[in-house]
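Peer 1:
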Amino acid sequence: MNAPSRQRGAATILTVLVSALALGVIALSLIFSVRGNQDRQVAAQAASQSQAGVWTGVEVFRRYFLKLAEEDSQLPEDESRLARLAVGDEREASLGSNALTLKIIDVEPPGEAEEDRAYSITADLRNRHAVAQAATLLRVVYQVTPGSAPGPEHDGVIDIHGDLNASGDIDIQGEENAKLNVDGSATLKGSVNGVESLRATKDITLEGSASVGEAYANGTLTLKGSASVLKGSALGGIAMQSGAQSGELNTNGNLLIDNGRVETGNALGEIRAGGAGYGSLTAGRTLTLRNGMAETANAVGNIAINAWLDVRSINSRATVTCPAVGWTTFDSIRALAVSNCPAIDKVQAPAEVSFELMARLEPYVMPQKPTVDAYTLKAGANYVFEFVAGQRRVTVRNVNGLADGEYFLGNYSHDGRGWRDFLCLQVDASANCLDPAPADRRQARTICQGHASEQGCLSYDSRNRKWTLAGKSLAPGVLWFEGDLHISNGNYHNSFLSTRSISTGGQVVVSAVNYSGFKFICSIQYPHIDFTGLYPSNLCDMAMGKLKSNSIGNIGLLAGGVVDGQFRGGDITLGSQSEINGSVIAGNRLSATGDSKIRGYITAAGWGEGSSDFLNDLELDLADLPPDYRPEDIPGMGSCLSNCDVKASARAKWVRYL
């Protein structure tokens, strides 16, 4: 082979090798490209799974915070679970292959304003997907709002925990279905009007001219004098000693009728009837008729007619005993057997007897005893009165015209008479005002209207820890007192809260904030120039010309507080001719020593000892109440004080990847 031929062969081989190498490079490039795409697809799929899981986690922890917010509405403020969240806290959750970890970065508590109740919670949320072996990290800001604390559960316009003794009259007006509930025994000796339902967990005794729509006792029911009920029920037994007429009487025990008339009497026990007349009597055991006329007498046991009475129908599943064989003033007798009865067609024995017994009564369950603790409402007061270091200190909050802060009640001398109970930044040992100085006394403000300029309104007995209010009026708003409070006289447009007990003197008038309304609370339209411009800014919507929604302003008087887990005080005593235009909440008991008028609901929570005693007449007037006033709406003893119609909520305010 010559040289040119050898060269051409080498070139061919070289071309083939280069082509093969190129094809190999292309093949390898395709292989790596496919593998890269597969890796990217796997990574993208893994990231997608991890991201889907972390976004699910955003909702999981939103619900977690919502649960905390709902639980906080049931807890005292110092037990708030949201308030206990701290930076660095971690929470974990598992969802299938997703392992979620939430780490708290920042917690911003609610602000001072009523409308700013939300917590702002910043957290990092990480999700690790076990199968995809991928992780995703988000930063989330949650806005969490606790719900309002529930107020006391009202089942009646008057709820008394503990025994009730009422010697005077009780008159309820303006409420069609007025209920009086007693967790204990109730004894009412005077006239009772306007009570649709009286229920007690123990015994009920009605005397005098008491008239009640329905009386329901877990113990016994006793009617005396001229007392009457349209319907009376008792698990323990009923004694009818009244000369009046009652409607339907039902008892699981025995029914004893010694006087008066009864339209229908049912007992699962025995019935002994010696009254003036009856409609229908049905006994689960025996029945004895000693006096009066009866339409129907039914008994599972024996029936004994002990006198020549008029009885229309007599039915016994046992034996009927007649007063004499000559007795015929009846329409029919049906019984298993008869004794001493006439042998006439109207008497059928043995005979099949059918009638229905009453259903067994179930115990009445009183609503749970409400928590009453003035300390939990302290933050909602416009004026807080405390005795500190021998001086009367007043803490002012949310009052137009006054800077928030602590003041002392002090005096100025003036023309030999003196100005009393001014708000001073500094006082001496004799309670003389030093700041503002006497030369600047006209810059000082007072919240007290005495009977004269030289007379004060508010004194304090340090030995008995008791405040005494003796003036004409005070600046409007919610007032909070540490210790006992005695309101001796005056006319007040305030809601009074005391950590211990409250008593009133004669002819005291208290009108709660919401009862008083915008005119008196915000426009200060009652005669006293010293109060000009002093209105509770947290309760007054000046732009709209109305009160802001609140529940604390429905309170007229509230007494009682919890210190170191122990309840203290809680007694409210109303003097003669007291008029309380607001709901009355006694942590323990309520006593009325003179004729009293209340325009609001009454609660005596019974956290201490003793009974509630109404020694004179009590009028409860619920007719024509002001539109801003809702006597049944009382704040729960928690953190919500006004604008309290708030439902717990939680939302993710913003989210971003890290």
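The sequence shown begins at 1 in full-length UniProt numbering and counts up by one. Just so you know, even glycine gets a beta-carbon here, dropped at the ideal spot from N, CA and C.
With a floor of 3 residues, list each beta strand (DSSP E) that falls wholly inside the segment 326-414, ordered by position along the chain.
Peer 2: 330-339, 383-388, 391-396 and 405-412
Peer 1: Measuring CB to CB, does residue 299 end up less than 9 Å from residue 278?
Peer 2: no
Peer 1: Identify whether residue 653 lies in helix, strand or coil by the three-state DSSP scheme.
Peer 2: strand
Peer 1: Hey, would you say residue 285 sits closer than 9 Å to residue 267, going by beta carbons?
Peer 2: For the pair residue 285 and residue 267, the CB atoms are nearer than the 9 Å cut-off.
Peer 1: I need the DSSP call for residue 446, collapsed to helix, strand or coil.
Peer 2: strand
Peer 1: Which residues bound the alpha helix (DSSP H) around residue 514?
Peer 2: 513-521
Peer 1: Count Cβ pairs between the segment 470-480 and the segment 434-451 that sit closer than 8 Å; are there 3 or more?
Peer 2: yes
Peer 1: Within 10 Å of its beta-carbon, does residue 177 have 16 or more other beta-carbons around it, so buried, or fewer, so exposed?
Peer 2: exposed
Peer 1: Quick check on the burial criterion: 16 or more other C-beta atoms within 10 angstroms. Buried or exposed for residue 627?
Peer 2: exposed
Peer 1: Quick check on the DSSP output: the beta strand (DSSP E) that includes residue 251 runs from which residue to which?
Peer 2: 245-251
Peer 1: If you pair each beta-carbon of the segment 473-487 with each one of the segment 534-546, do three or more pairs fall below 8 Å?
Peer 2: yes
Peer 1: Going by C-alpha distance, which of 513, 337 and 331 is nearest residue 346?
Peer 2: 331
Peer 1: With 16 as the cutoff for other CB atoms within 10 Å, does residue 368 come out buried or exposed?
Peer 2: exposed
Peer 1: Pick helix, strand or coil for residue 478, following the three-state DSSP scheme.
Peer 2: strand
Peer 1: Going by C-alpha to C-alpha distance, which of 156, 297 and 320 sits closest to residue 175?
Peer 2: The shortest Cα separation from residue 175 among 156, 297 and 320 belongs to 156.
Peer 1: Between which two residues does the beta strand (DSSP E) containing residue 268 stretch?
Peer 2: Taken as a continuous stretch (DSSP letters only), residue 268 belongs to no beta strand (DSSP E), as it is neither H nor E.
Peer 1: I need the DSSP call for residue 277, collapsed to helix, strand or coil.
Peer 2: strand
Peer 1: Helix, strand or coil for residue 133, going by three-state DSSP, please let me know.
Peer 2: If DSSP states are grouped into helix, strand and coil, residue 133 belongs with coil.
Peer 1: Skipping 5 residues on each side, what residues in its chain have a beta carbon closer than 8 Å to that of residue 609?
Peer 2: 588
Peer 1: Can you look up residue 71 in the DSSP assignment and give me helix, strand or coil?
Peer 2: helix
Peer 1: Roughly how many whole angstroms lie between the Cα atoms of residue 336 and residue 241?
Peer 2: 32 Å
Peer 1: Please state whether the Cβ-Cβ distance between residue 657 and residue 139 is less than 9 Å.
Peer 2: yes
Peer 1: Name the DSSP bridge partner or partners of residue 308?
Peer 2: In the DSSP secondary-structure assignment, residue 308 is not bridged to any residue.
Peer 1: Kindly indicate which three-state DSSP category residue 640 falls into: helix, strand or coil?
Peer 2: Annotation note: pLDDT 42 at residue 640 (below 50); position unreliable, coordinate value reported separately. Look at residue 640 here: in three-state DSSP terms it is coil, with no helix or strand label.
Peer 1: Let me know the secondary structure DSSP gives residue 258 once reduced to three states.
Peer 2: coil
Peer 1: Alpha carbon to alpha carbon, how far is residue 487 from residue 63?
Peer 2: 49 Å
Peer 1: Please say whether residue 226 and residue 215 have beta carbons closer to each other than 9 Å?
Peer 2: no
Peer 1: Would you kindly report the start and end of the unbroken beta strand (DSSP E) that includes residue 466?
Peer 2: 466-470
Peer 1: Just to confirm, are residue 363 and residue 201 a CB contact at a threshold of 9 Å?
Peer 2: Contact: yes.
Peer 1: With a threshold of 6 Å on Cβ separation, who are the neighbours of residue 163 within its own chain once the five nearest residues in sequence on each side are excluded?
Peer 2: Around residue 163: 184, 185 and 611.
Peer 1: Can you check DSSP and say which residues form a bridge with residue 422?
Peer 2: 410 and 446
Peer 1: Tell me the DSSP secondary structure of residue 41 in three-state form.
Peer 2: Confidence at residue 41 is low in this model, with a pLDDT of 48, below 50, so the placement of that residue is unreliable and no value is reported for it.
Peer 1: I need the straight-line Cα distance from residue 190 to residue 229, nearest angstrom please.
Peer 2: 14 Å
Peer 1: Of all the options 456, 412 and 381, which has the alpha carbon lying nearest to the alpha carbon of residue 555?
Peer 2: 381
Peer 1: Give me, in chain order, the residues of the same chain whose beta-carbon lies closer than 6 Å to that of residue 405; leave out the 5 immediate sequence neighbours on both sides.
Peer 2: none
Peer 1: Taking all protein chains shown into account, do 16 or more other C-beta atoms lie within 10 angstroms of the C-beta of residue 579, making it buried, or fewer, making it exposed?
Peer 2: buried
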